[in-house]
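Working notes, beginning with the structure itself.
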Amino acid sequence: MIIIYHCFGGSHSSVTAAALHLGLLEKNRIPSAEELMAIPYYDKTVNGDFGHIRFMGVDEYNNRIYVLGKKALGDRCNNILVGISRILGASEKVIPVNTMTSVNWFMKLGGFGSRRLGIVWPGRNMVSYGTQKAFFDLVNLVEITRFKSMQVEEKAI
Amino acid sequence: MKVLFIAPTAVHQALIAGNIFMGGLPEDNLNDIKDFGDMRADATGIPLYVGKDETGTEVYTLGTGSEMSMLKKTIEDLRYILDYTEEDLVVYPIEIKGEPFLSLWAKLLAQLGWNYESPTIVTKILQQRLPELRTIIEDFKNELYR
């Protein structure tokens with residue numbers, strides 16, 4: 303199974319969700335700013351990364367976890383990913399997850415400042431703070447996704 | 051094999067391209083093309099099935115908004131991740147002159163409720179672009195089946 307977490311820049315909420323999914327972050331404790339910065343891709347993406355589906359790792363059920371920066375495509379991105387998979391005859395293999403539902407204004411403003419304007423300070427501090435505020439929403443989203451992936455897997459069997 | 055034509059909307063130049071590719075474009079009236087200008091068919095982001103050409107190649111269109119090059123990368127990455135190649139799915143962007151005006155106008159009118167058919171001005175401009183589109187698609191098809 304392929305799970306693609308996507309958000310505007312593919313740099314903060316999607317990457318944090320993917321890290322949670324892969325167990326790179328503990329789900330019962332809010333991570334420090336340093337722990338967030340240690341996640342691969344966290345607040346490190348550049349303009350050329352938009353649209354690229356980047357590999358984050360493999361979970362314990364052998365699901366491959368990816369992240370994607372989809373700009374302002376919103377939920378349309380889910381339909382596009384599922385639609386393309388369906389054309390290829392692989393729709394049951396892909397679970398796209400929109401993490402924008404967990405994004406708050408601190409993340410939006412901080413992410414815009416850090417990634418788009420290049421104002422790393424204070425953008426990075428703001429986006430880390432926002433990620434910490436959104437952390438348990440992301441935990442919830444990831445748990446739902448893990449459950450969904452198990453259901454899809456069961457159906458396939 | 052499958053061919054996916056991408057453009058800012060799935061139901062204007064991409065759909066014309068798909069019909070040219072299949073050899074079934076109505077000469078006089080673009081409005082005779084099934085789903086032409088119907089922005090409701092473009093709303094969800096699910097690729098639109100156009101039909102099959104004489105060799106059995108399935109033709110689809112997809113509306114990408116202003117993110118055509120970004121989405122091309124995404125679709126090609128997904129194809130690679132799913133272990134498919136260009137032999138299975140070809141993504142072909144349709145770029146024509148005057149594009150920003152066409153999609154802006156079509157989308158603006160769709161927002162205002164005129165989403166069921168192509169605005170006359172858009173249809174007329176696309177009609178003028180038909181020779182250009184025919185050349186682009188015929189070259190592409192020759193290259194594909196070479």
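First to last, the protein sequences are chains E and S. Going letter by letter, the first sequence gives residues 303 to 459 in the numbering used here. Going letter by letter, the second sequence gives residues 51 to 196 in the numbering used here. Just so it is clear, CB atoms sit at the ideal spot from N, CA and C, and this is done for glycine as well.
Contact set between residue i and chain S, taken where Cβ atoms lie within less than 7 Å
| i | result |
| --- | --- |
| Leu-370(E) | Thr-124 |
| Lys-526(E) | Nothing in the structure corresponds to residue 526(E), since chain E is present only between 303 and 459. |
Classification of residue i by the beta-carbon crowding that lies within 10 angstroms, buried from 16 upward
| i | result |
| --- | --- |
| Ala-57(S) | buried |
| Tyr-130(S) | exposed |
| Thr-105(S) | exposed |
| Thr-198(S) | Because residue 198(S) is not part of the residues shown, which for chain S are 51 to 196, the question remains open. |
| Asp-88(S) | buried |
| Asp-377(E) | exposed |
| Arg-196(S) | exposed |
| Asp-92(S) | buried |
Whole-angstrom distance between residue j and residue i, CA atom to CA atom
| i | j | result |
| --- | --- | --- |
| Ser-315(E) | Leu-75(S) | 45 Å |
| Asp-138(S) | Phe-55(S) | 14 Å |
| Arg-418(E) | Asn-79(S) | 45 Å |
| Ile-186(S) | Ile-382(E) | 25 Å |
| Asp-345(E) | Leu-112(S) | 31 Å |
| Met-51(S) | Ala-60(S) | 20 Å |
| Gly-353(E) | Ile-305(E) | 15 Å |
| Tyr-307(E) | Lys-147(S) | 35 Å |
| Val-454(E) | Leu-326(E) | 24 Å |
| Asn-290(E) | Asn-81(S) | Since the first and last residues shown for chain E are 303 and 459, residue 290(E) lies out of range. |
| Gln-177(S) | Ser-393(E) | 36 Å |
| Lys-457(E) | Lys-395(E) | 11 Å |
| Asp-126(S) | Ser-119(S) | Note that residue 126(S) corresponds to Glu in the displayed sequence, not to Asp. Approximately 11 Å, taken between the alpha carbons. |
| Thr-124(S) | Asn-330(E) | 33 Å |
| Val-140(S) | Val-53(S) | 5 Å |
| Asp-133(S) | Leu-183(S) | 31 Å |
Span of the alpha helix (DSSP H), counted from its first residue to its last, around residue i
| i | result |
| --- | --- |
| Thr-111(S) | Where Thr-111(S) is concerned, there is no enclosing alpha helix (DSSP H), although the beta strand (DSSP E) it sits in stretches over 108-113. |
| Asn-192(S) | 180-194 |
| Leu-162(S) | Per DSSP, Leu-162(S) belongs to no alpha helix (DSSP H) and is neither H nor E. |
| Met-409(E) | 407-413 |
| Glu-130(S) | Reading off the sequence shown, one finds Tyr at residue 130(S), where the question assumed Glu. Tyr-130(S) -> alpha helix (DSSP H) spans 118-131. |
Span of the beta strand (DSSP E), counted from its first residue to its last, around residue i
| i | result |
| --- | --- |
| Ile-305(E) | 304-309 |
| Lys-84(S) | That residue, Lys-84(S), is in no beta strand (DSSP E); it is neither H nor E in DSSP. |
| Ile-56(S) | 52-57 |
| Met-452(E) | Here Met-452(E) belongs to no beta strand (DSSP E); instead the alpha helix (DSSP H) covers 422-458. |
| Met-358(E) | 355-360 |
| Tyr-142(S) | 139-143 |
Amino acids of chain S, ordered along the chain, whose beta-carbon sits closer than 8 Å to that of residue i
| i | result |
| --- | --- |
| Ile-304(E) | Ile-131, Leu-132 |
Residues that residue i contacts on chain E, provided the C-beta gap is smaller than 9 Å
| i | result |
| --- | --- |
| Asp-127(S) | Gly-353, His-354, Ile-355, Arg-356, Tyr-368, Leu-370 |
| Lys-52(S) | Ile-389, Leu-390 |
Contact list for residue i against chain E, beta-carbon separation under 7 Å
| i | result |
| --- | --- |
| Leu-139(S) | Ile-389, Leu-390 |
#### Entry: Contact list for the stretch 377-394 of chain E against chain S, Cβ threshold 7 Å
Arg-378, Asn-381, Ile-382, Leu-383, Gly-385, Ile-386, Ser-387, Ile-389, Leu-390, Ala-392
### Task
Check each residue of the stretch 67-98 of chain S: if its Cβ is closer than 8 Å to any Cβ of chain E, include it; give the result in chain order.
Thr-94, Gly-95, Ile-96, Pro-97
### Positions along the stretch 337-365 of chain E whose CB lies within less than 7 Å of some CB in chain S
Phe-352, Gly-353, His-354, Ile-355
### Residues of the stretch 102-122 of chain S whose Cβ lies closer than 8 Å to any Cβ of chain E, in chain order
Glu-108, Tyr-110, Leu-112, Gly-115, Glu-117, Ser-119, Met-120, Leu-121, Lys-122
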